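The C-terminal position of the sequence shown is numbered 197 in the numbering used here, with every residue numbered one higher than the one before it. Scroll down for the structure; my scribbles are underneath it.
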Amino acid sequence: MEYPPVNYLSFQPHPIVGVDEVGRGCLAGPVFAGAVILNFPQKFKDSKLISAKQREDLAIQIKKKHKFSIGIANLEEIEKLNIHQASLLAMKRAVHKLNISKGHLLIDGAFPLKEISFLSQTALIKGDRRASPISAAGILAKTERDKLLVKLSQLYPEYGFDKHKGYATYKHKLAIKKHGPCPIHRKTFSGVKEHL
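This is the structure:
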């Protein structure tokens with residue numbers, strides 16, 4: 002099904018806040034969320050459609066020119082709440098850190114952030130391909146999470162986190178099978194729990 006781009010500036014009230022999370026489908030590490038208010042219109046693509054170098058360059062630009070924040074839900078919260086609730090929690094934290102009292106959230110996915118009732122909201126399926134503020138939020142969340150996983154790969158070099166960033170690649174699953182899960186693996190996830 003095709004989801005057309007939206008004119009994000011048509012939503013009210015302003016400012017428009019793009020919100021996206023990264024790391025839901027991983028077998029390891031926390032989930033990160035970005036929240037971005039574009040200070041002027043700028044086009045961004047879905048973080049999954051551009052290279053790591055492009056993402057890094059754009060993340061520097063976003064931090065310099067626009068208002069942003071990052072929210073994180075850690076491993077314990079993922080295990081306790083489930084990945085869906087932990088992703089929403091990371092997004093809520095990112096929005097709260099912006100310290101705004103009015104505006105309109107454009108959230109990637111199908112679920113609004115219920116507890117943030119002081120802001121109006123629209124959940125957009127495939128929003129990271131349809132609205133630049135969401136794309137920008139996804140780029141920031143992805144680059145920040147990737148940086149952490151590269152650091153963690155120095156602690157746990159046998160798993161190759163610097164390459165796959167915790168996603169369920171063939172090599173990652175093979176490493177879990179061979180070495181067993183490490184402290185940053187999500188113990189309740191299929192692909193990990195079988196090897197505890």
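Note that CB positions come from ideal geometry on N, CA and C, so glycine has one too. Keep in mind it's a predicted model, so treat the numbers as computed, not measured.
Per-residue burial, glycine 24 [other beta carbons within 10 Å of its own, 16 or more giving buried]:
Counting of Cβ neighbours within 10 angstroms places glycine 24 among the buried residues, the total reaching 16 or more.
What are the boundary residues of the alpha helix (DSSP H) that glutamine 155 is part of?
Residues 133-156.
Need the endpoints of the beta strand (DSSP E) that phenylalanine 69 sits in, please.
Here the beta strand (DSSP E) through phenylalanine 69 covers 68-74.
Contact under 8 Å by Cβ, isoleucine 17 with isoleucine 38
Contact: yes.
Three-way DSSP call (helix, strand, coil) for histidine 186 in this model:
Residue state, collapsed to three classes: strand.
Beta-carbon gap between alanine 74 and alanine 142 smaller than 8 Å
Taking a C-beta distance under 8 Å as the contact criterion, alanine 74 and alanine 142 do not qualify as a contact pair.
Candidates Ser102, His186, Glu145, Ala138, of which the one nearest tyrosine 160 by Cα
When C-alpha distances from tyrosine 160 are compared across Ser102, His186, Glu145, Ala138, the shortest belongs to His186.
For valine 23, does the three-state DSSP call read helix, strand or coil?
It is a strand residue.
Contiguous beta strand (DSSP E) assignments of at least 3 residues, all confined to the segment 9-59:
You should have 17-23, 32-38.
Ignoring anything shorter than 4 residues, give me the alpha helix (DSSP H) runs that lie fully in the segment 74-112, in order along the chain.
Runs of the alpha helix (DSSP H) inside the segment 74-112: 76-82, 84-98.
Reference aspartate 47; option with closest CA among Gln155, Lys178, Ala138, Phe69:
If we check each option's Cα against that of aspartate 47, Ala138 comes out closest.
Contact defined as beta carbons within less than 8 Å: I believe isoleucine 63 pairs with isoleucine 140. What is the distance between those atoms, to the nearest angstrom?
At roughly 7 Å, the Cβ-Cβ gap stays under 8 Å, so isoleucine 63 and isoleucine 140 are in contact.
Alanine 124, DSSP secondary structure in three states:
The answer is strand: DSSP assigns alanine 124 an E or B state.
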